[in-house]
Each structure stands twice: as structure tokens, then as C-alpha cells.
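Protein sequences appear in the order of chains A and B. Sequential numbering from 34 applies to the first sequence in our numbering. Sequential numbering from 1204 applies to the second sequence in our numbering. Glycine included, every Cβ here is placed at the ideal spot set by N, Cα and C. Here's the structure, in C-alpha cells; my notes come after.
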Amino acid sequence: MTEMTISSGEAVLFWILAPLMVMGALGLLFARRTVHIAVAVAGVMVGLAVMYIANEATFLGVAQVVVYTGAVMMLFVFVIMLIGVDSTESLKETLTGQRWLAALAGVGLLVLMGAITTRAALPAPVGLAEANADTNAVGVARILFSDFIFPFELTGALLITAAVGALSLTHRVRLGAKFGQKEMAAAKLKAYGAGASSTLITNRPNPGVYARHNSADMPAVDAAGEPVEASITTVLRIRGQESNLPSAEELADAGRPYGQGEEPAAVPGAADERKELEQ
Amino acid sequence: MSILNYLVLSGILFAIGGTAVLVRRNAIVAFMGVELMLNAANLTLVTFARMHGDLTGQVIAFFVMVVAAAEVVIGLAIIVSIFRTRGSASLDDASLLKS
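Below, the structure is given as C-alpha cells:
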């Protein structure tokens, strides 16, 4: 067999792509947000596909793009969306020193594998020019459908099992009756009739509307000039994205000082009146 | 450039993936570490196929890909169902057998 030479173009490709892939993979260790990690790993997958094609594995390169970046990583992004993008990772260590031991294990693995690959007595590379004579896909198919026909049939069974398993794992059996809008209204009215004074039958107040702000994150103002917390949706409150009411100074900067002009926003004495009502 | 560079790169990716599995607490991120390890092994298989002039390595890599796709589907379904019942995707929170 003839010996294969690696073109300088491939070397350039490798030295551009390899650092990018390692950086993307390092995102797995150091990035905070899960979505960023997913995108970085998808980039690594694309880089791997290019490397497969450079290694004369055209079919695998295309399959890599379709299967990994197209299906697997998008499935990951989909699940991240389901589970919640904002789910933060706790930094508390349950096992003391586990992080350092893991880093040590990773470095040890790296050194071990690097030493083995660089010091092993490997044969001179042959190259796939002969095997790929009738295009790579044909060469792979010849082996796949002759020597590996039984494992190939088994993968069919595996894929069907996986599909059914995923369906049964994510299937949810409804245990109680469905609690819809109608039932919610009935329950609210029932609670109100039973004398629960804090229950609202009507909608909660809408958020305040100001020309300079996104109205969804601005609280409504009650009669005493205080912000109404309940007027902002729970999602924005949990994320801490609600805005504060503009202060008197901010309004003054905008050219309309609070209390000057036609009518004051906070009615004098309203706060006292509310206190009396509360008592 | 030697063809060994591909092997070293795949070793680096494998070590990073393994460390991510050990270090990260988020189940999804640890799972992506597993995926990275599988892909690093695939790169080794493809490189050895080229080194030996034999396409069988590529066929094995293809099988690894198929099994990895099935594994991702099941793994993510398990993560989603754990999240539904326990409200958390952290690996530390699934400790019912401990106490």
C-alpha cells in the first residue's frame, strides 16, 4: 500500500479549527448559562463534522451535521427551554474537594492519552483513496450492509425502543379533573361567598402605562400613589425585572415635576385615610 | 502535520467532556459532556480508519452515532420527568435513596 501525505491545506484547516473546538469545549466547563453551553457544543459538533470530511469520511461528516447539530443539539435546546433557561447551578460542593479532584482527573486523563498517542508505535498512515474509490458513501454502505447487517437491524429495534421509551417517560397521566377557566371562576366565587376578603373575583389590576417604559414591568399606582405589586406578572417579579415607579426627581428631569401643574399624583391625606381604613 | 494531531485533539475533547461530567451539577450540562466524549471517540475511530485504510472504523463511528442519538432521547426524557416530579435539574437534588 502507498503511504499517504497530509496536505498543507489540511494542516491549516486543522490549526484553525482545533483551537476553536477546544475553546467551545471549554465553554462546557466555564460558561454559566446553559444555552451558551449548548450553542458552544453545537459549534464543536460542526467543527467535528469538518474534521470528518477532512479525514476522508464524507458520509459521516454529513451525518454528523444532520444528527448532532441538527437533531441532538436542538433537542438539548428544546429541553433547556422546557426546564427553564434561568435554572441556575448551585455552587455549593456536596463532596468537599470534588472540583479539584475532578480537575486533577481530567488533567491526568489528558496527559495519559497524550503520552500514549504520541509515544505509541503506530503504522504509517495509509489513507482511504483506495477504499473510497467508489465514493465514501458506497464504501461505507458495502461494509455496513454485508459485515454489519445484523447490528444494523438491531439499531432499528433500538431506535424504536428509544422512541417508545421517550414517549412513555414523558407521558403524564392526569390524576384529577382538569382545572380550567370555568372551574377557576367557580372556585373564586365560592371562596368569595365563604367570606375570604382577600379573594379577588375580578382580574388583578393592570400594570401602569407610561410613555417612556415597557408597561408590563411598571406597577400600577393606587390612590395613595403607592405601587401595586400585584399588577406585575409573577414571571417578571421572579426574574426581578420589574421597574420602580419614577421618583419625583426623575419626573422633574422629564419636565413635569410631581405635584406641580394641574393636579398632584399623590392626593394629600390619602395615605392617612388608607391607614384608617386598615385599622 | 502528523495524523496523530487528530488523536491528540480527540484526547483533549474527551478529557474536557469527562471533567464536565464530573464537575457540572446541571444534568443537561453533564449530559452534553457525555455527548462530547462520544464525539471525541468518534474522531478517534475516523482517524484510525484513515490510518489503516479500512472503512470499518467509519462504520463503527456510524453505529456510535445512532446509539448516541437513541441515548440522548432517553436521557433527556428522564431529565424532563425528574424535573417534573422534583422541580429541579440538579444532579445533587436527586438523592432520595440517601436519606
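**Message:** Using a 10 Å radius around the Cβ and a threshold of 16 neighbouring Cβ atoms, would you call A:G42 buried or exposed?
**Reply:** exposed
**Request:** Pick out whichever of A:V99, A:S40, A:L108 has its Cα sitting closest to the Cα of B:F1234.
**Result:** A:L108
**Item:** Positions along the stretch 1240-1256 of chain B whose CB lies within less than 8 Å of some CB in chain A
**Value:** N1242, N1245, L1246, V1249, T1250, A1252, R1253, M1254, H1255, G1256
**Asked** For B:A1244, which option in A:M78, A:A73, A:A71, A:V72 has the closest C-alpha, if you only look at C-alpha atoms?
**Response** A:M78
**Request:** Excluding the 5 residues preceding and the 5 following A:S264 in the sequence, name in chain order all residues of the same chain whose CB lies nearer than 8 Å to its CB.
**Result:** R237, P238, N239, P240, G241, P252, A253
**Asked** For B:V1270, which option in A:L134, A:A190, A:A256, A:R175 has the closest C-alpha, if you only look at C-alpha atoms?
**Response** A:A190
**Item:** Beta-bridge pairing of A:V254 - partner residues as DSSP gives them
**Value:** A:P260
**Message:** Is there a C-beta anywhere in chain B that falls below 9 Å from the one on A:D180?
**Reply:** yes
**Prompt:** Can a CB atom of chain B be found closer than 9 Å to the CB of A:V98?
**Reply:** no
**Prompt:** By a C-beta neighbour count over all protein chains shown, 10 Å radius and 16 as the cutoff for buried, is A:F47 buried or exposed?
**Reply:** buried
**Prompt:** Do three or more CB pairs link the stretch 170-180 of chain A to the stretch 1249-1256 of chain B at distances below 8 Å?
**Reply:** no
**Message:** Under 9 Å, Cβ to Cβ, is there at least one residue of chain A near B:R1183?
**Reply:** Look at the range of chain B in this structure, 1204 to 1302, and you will see that residue 1183 of chain B is not part of it.
**Request:** Might you give, ordered along the chain, the residues of its own chain that have their beta carbon closer than 6 Å to the beta carbon of A:S201, omitting 5 neighbours on each side?
**Result:** none
**Request:** Report the three-state DSSP secondary structure of A:N236 (helix, strand or coil).
**Result:** coil
**Prompt:** What are the residues that DSSP puts in a beta bridge with B:N1229?
**Reply:** B:S1293
**Endpoints, alpha helix (DSSP H) assigned at A:P52** = 41-63
**Item:** Other residues of its chain near B:I1263: CB distance less than 8 Å, five sequence neighbours each side excluded
**Value:** L1248
**Prompt:** If you drop the 5 nearest sequence neighbours on each side, which residues of the same chain put their C-beta closer than 6 Å to that of A:T91?
**Reply:** N169
**Asked** Closest by CA to A:N165, which one among A:A44, A:G198, A:I176?
**Response** A:I176
**Message:** Taking the alpha carbon of B:F1217 as the reference point, which residue from B:E1238, B:F1265, B:S1205, B:R1287 has its own alpha carbon closest?
**Reply:** B:E1238
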